[in-house]
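Notes follow once the structure below has been shown.
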Amino acid sequence: MNRLRAAAVILATLLLLTLASQRLVSDSLDSLETGLTQVERLCADGAYQTAKERLYNITQAYQKKQAVLALFIRRDKLSELETSLYSLTAYVHPDYRQDLFCETGRLKAQLNGIRRLFFGLL
Amino acid sequence: MLILMLRTLLVYLLILLAMRLMGKRQLGELQPAELVSTILISNLASISIESPELPLSTSLVPVFLIVALELLLSGLCFCWPRVARLLFGSPVTVIRNGKICCDTLRALRFGTGDLLEALRGKEVFNPAQVRWAVVETNGSISICKTGEEEPFVPVIADGQLLKGALLLCKKDDPWLSQVLKQEDCTREQVMLLLVRTSGEYQLIKKENSPSPQKRNKGLWKGHL
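Sequence order for the protein chains is P and L.
According to the numbering used here, the first sequence holds residues 3 to 124 in order.
According to the numbering used here, the second sequence holds residues 135 to 358 in order.
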């Protein structure tokens, strides 16, 4: 019967881990997506300096969470996302507005891919 | 390389813990559910060793989920023998008094060649030498040769009357009631009742079972 207790503990731990991971991944991806939309809006309004600062903040926040996210998501996908986030700063300039929108669109598609990878059942 | 070694070490230790949790049953001959979980665990364990880009949780979470389910399932089977019968089936007699039960063999999809091979494994080359042969739930065969002492048939196990057992030892319900009355106990109080066709029986009551074994400096000592 001790083993049954161990099974119950394992199941409870796994359940907690699953709930925590769902929350962490969902929150991280949502905040990234919201941040990117804000950057797009700021650039559309011509506030490039504020957009750069916002992008810097997003990248820093993502880097902090990356170690924990790596417990649940493939490392190669996380690295791709980080590279894309870094390269985005170069496009925050009036001359590259269309390129920035294209890149943010690509990043959002990447985020959706990760979301499907983590939350998709089939 | 160091990370790979550490990951392998971690996976090895955790799988060892998982197998230890599943108990000794897992290390002997396997039941179907145990075989499935062992195969799945070995495959899942290799995933995180082979693919460093994948998080350890990819293989460890499913492994421990399987271990927990396996433990719960064995607990369920222990509490409700019907669940065990549903999941693992029941032992089936294939030879009785030297005669092969052809219908049973067909139902088991066990060819005569398979039966002879299993008998040869038990150093029996002629089915007529077999008094009783049973295919166990794990697929292995247990035999009692003619000339050997007649085997006991389990009739009650854990307070539950085993289906068809009375018929097998040529006894009936009134005989069982008489035995229980003679031993001054109810069916629920019986841990094990073994019966021979001759009428000889062995009854072990639940209160007479030894106390749980205690570990003593690595040795197991039973206290009666």
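For glycine and all other residues, C-beta sits at the position ideal for the given N, C-alpha and C.
The model shown is predicted, which means the values in this text are computed figures rather than measured ones.
Is there contact here, the stretch 215-225 of chain L with the stretch 15-30 of chain P, by at least three beta-carbon pairs under 8 angstroms?
no
Taking Cβ-Cβ distances below 8 angstroms as the criterion, which residues of the stretch 74-101 of chain P are in contact with chain L?
Phe74, Ile75, Arg76, Arg77 and Asp78
Spatially closest choice to Arg141(L) from Ile290(L), Gly333(L) and Ile181(L), by CA coordinates
Taking the first residue of the second sequence as position 1, residue 141(L) is located at position 7. That would be Ile181(L), whose Cα lies nearest to the Cα of Arg141(L).
For Ile75(P), which of helix, strand or coil comes out of DSSP?
Taking the first residue of the first sequence as 1, we reach residue 75(P) at position 73. In this structure, Ile75(P) counts as coil in the three-state DSSP scheme.
For a quick check, are the C-beta atoms of Glu204(L) and Ser171(L) less than 7 angstroms apart?
The count along the second sequence starts at 1 and reaches residue 204(L) at position 70. The count along the second sequence starts at 1 and reaches residue 171(L) at position 37. Yes; because the gap between Cβ atoms is below 7 angstroms, this pair is in contact.
Which parts of the stretch 264-302 of chain L are runs of the alpha helix (DSSP H), unbroken and 4 residues or longer, counting only runs that do not cross its ends?
299-302
Residues within the stretch 187-202 of chain L neighbouring chain P, beta-carbon criterion of under 8 angstroms
Glu187, Leu188, Pro189, Leu190, Ser191, Val195, Phe198, Leu199, Val201 and Ala202
In this structure, how does DSSP classify Arg117(P) when only helix, strand and coil are distinguished?
Numbered from 1 along the first sequence, position 115 holds the residue referred to as residue 117(P). The answer is helix: DSSP assigns Arg117(P) an H, G or I state.
Enumerate, from N- to C-terminal direction, the unbroken alpha helix (DSSP H) stretches of 4 or more residues contained entirely within the stretch 210-247 of chain L.
215-222 and 236-241
Of the choices Phe103(P), Val94(P) and Arg7(P), whose alpha-carbon is the least far from that of Gln51(P)?
Taking the first sequence and counting its residues from 1, the one referred to as residue 51(P) is at position 49. Nearest C-alpha to Gln51(P): Val94(P).
Which residue wins for smallest C-alpha separation from Val324(L), given the options Ser193(L), Arg216(L) and Gln294(L)?
For the purposes of this step, residue 324(L) is identified with residue 190 of the second sequence, where counting begins at 1. Checking every option, the nearest Cα to that of Val324(L) belongs to Gln294(L).
Mind checking the stretch 45-79 of chain P against chain L and listing, in chain order, the residues whose C-beta falls within less than 8 angstroms of any C-beta there?
Ala72, Leu73, Phe74, Ile75, Arg76, Arg77 and Asp78
How would you call Thr39(P), buried or exposed, if buried means at least 16 neighbouring beta carbons within 10 angstroms?
For the purposes of this step, residue 39(P) is taken as residue 37 along the first sequence, with counting starting at 1. It is exposed - the Cβ of Thr39(P) has fewer than 16 other Cβ atoms within 10 Å.
With DSSP run on the structure shown, which of helix, strand or coil describes Gln165(L)?
Residue 165(L) sits at position 31 when you count from the first residue of the second sequence. Of the three classes helix, strand and coil, the one that applies to Gln165(L) here is coil, per DSSP.
Check for me: the beta strand (DSSP E) holding Gln323(L) runs from which residue to which?
Within the second sequence, numbered from 1, the residue matching residue 323(L) stands at position 189. Neither: Gln323(L) is in no beta strand (DSSP E) and is coded neither H nor E.
Which residues of chain P have a Cβ atom closer than 9 angstroms to the Cβ of Leu206(L), listed in chain order?
Here residue 206(L) refers to the residue found at position 72 when the second sequence is read from its first residue. The contacting residues are Leu6, Ala9, Ala10 and Leu13.
Quick check on DSSP: helix, strand or coil for Lys339(L)?
As a first step, residue 339(L) must be located in the second sequence, where it is residue number 205. Strand.
Please confirm if the stretch 185-195 of chain L is in contact with the stretch 228-240 of chain L, defined as three or more CB-CB distances below 8 angstroms between the two stretches.
no
Could you pull the DSSP bridge partners for Val329(L) from this structure?
Residue numbering aside, residue 329(L) sits at position 195 when the second sequence is read from its first letter. According to DSSP, Val329(L) bridges with Val287(L) and Tyr335(L).
Could you give the distance in angstroms between the alpha-carbon of Gln165(L) and the alpha-carbon of Glu35(P)?
Position 31 of the second sequence, counted from the first residue, corresponds to residue 165(L). Position 33 of the first sequence, counted from the first residue, corresponds to residue 35(P). The straight-line gap from Cα to Cα measures roughly 49 angstroms.
Count the other CB atoms within 10 Å of the CB of Tyr335(L); is the residue buried (16 or more) or exposed (fewer)?
By one-based count along the second sequence, residue 335(L) stands at place 201. Buried: at least 16 other Cβ atoms inside 10 Å.
Can you give me, in chain order, the residues of the stretch 17-43 of chain P that have a beta carbon less than 9 angstroms from any beta carbon in chain L?
Leu19, Thr20 and Ser23
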